[in-house]
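**Student:** In terms of full-length UniProt numbering, the sequence shown opens at residue 1 and continues consecutively. By construction, the Cβ of each residue, glycine as well, lies at the ideal position given by its N, Cα and C atoms. Quick caveat: nothing in here was measured; it's all calculated off a predicted structure. Following this message is one structure expressed as structure tokens.
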Amino acid sequence: MNPYAISDVTEAPTRKGLAEVASDYAWLIIVIGWVAGLLILDASDDNGFQLWQEHCPTMIRPLRSQQSVLIGYLLLFCSSWIAFLFIGVSFVCAVIFCVAKATVATFVLTRWLTRKLIFSLLFIQKTFQRDNV
Numbered sequence: 001m002n003p004y005a006i007s008d009v010t011e012a013p014t015r016k017g018l019a020e021v022a023s024d025y026a027w028l029i030i031v032i033g034w035v036a037g038l039l040i041l042d043a044s045d046d047n048g049f050q051l052w053q054e055h056c057p058t059m060i061r062p063l064r065s066q067q068s069v070l071i072g073y074l075l076l077f078c079s080s081w082i083a084f085l086f087i088g089v090s091f092v093c094a095v096i097f098c099v100a101k102a103t104v105a106t107f108v109l110t111r112w113l114t115r116k117l118i119f120s121l122l123f124i125q126k127t128f129q130r131d132n133v
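And the structure:
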């Protein structure tokens, strides 16, 4: 037996669900928004870490205004809410998908059981008619 051979039994499926993908993207949105917002707030504040002011002072001059502070706070706030909205929408879609799946499964199962019941009733009727003759 070859231990390096790839088999279907040992390989687990790596397909992610809708909720997992949405949470990955939501965390990405939160991180990007918070990093951008904090960097803009740091650039607009004289008492902050001043990361940008040391490394690229020519880029910082436009960010020293009240509008840049507003943009920084909006990035912090909106990135979180967009991510939560993204998670909420994906959760609602996942619930709708599960309900649709359950509805289709119930319909198929009911149809299958109805056919089995009809065939079994026909079989019982034929058997009953044969016994009565």
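#1: Can you tell me the Cβ-Cβ gap for Trp34 and Leu76, rounded? I've got them flagged as a contact below 8 Å.
#2: Determine the burial state of Gly88: buried for a count of at least 16 other Cβ atoms within 10 Å of its Cβ, exposed for fewer.
#3: Quick one: is Ala26 buried, meaning 16 or more other Cβ sit within 10 Å of its Cβ, or exposed?
#4: Please report the distance separating the alpha-carbon of Cys98 from that of Glu20.
#5: What's the gap between the Cα of Lys101 and the Cα of Leu122?
#6: How about Ile30 and Ser79: are their beta carbons less than 7 Å apart?
#7: What separation, rounded to the nearest whole angstrom, lies between the Cα atoms of Val92 and Phe86?
#8: Nearest by alpha-carbon distance to Leu28: which of Trp112, Phe84 and Ser120 is it?
#9: Who are the Cβ neighbours of Thr114 in its own chain at under 7 Å, not counting the five residues just before and after it?
**Tutor:** Taking the coordinates as given:
#1: 6 Å
#2: exposed
#3: buried
#4: 15 Å
#5: 31 Å
#6: yes
#7: Their backbone Cα atoms lie some 10 Å apart in a straight line.
#8: Taking only the C-alpha atoms, the option nearest Leu28 is Phe84.
#9: none
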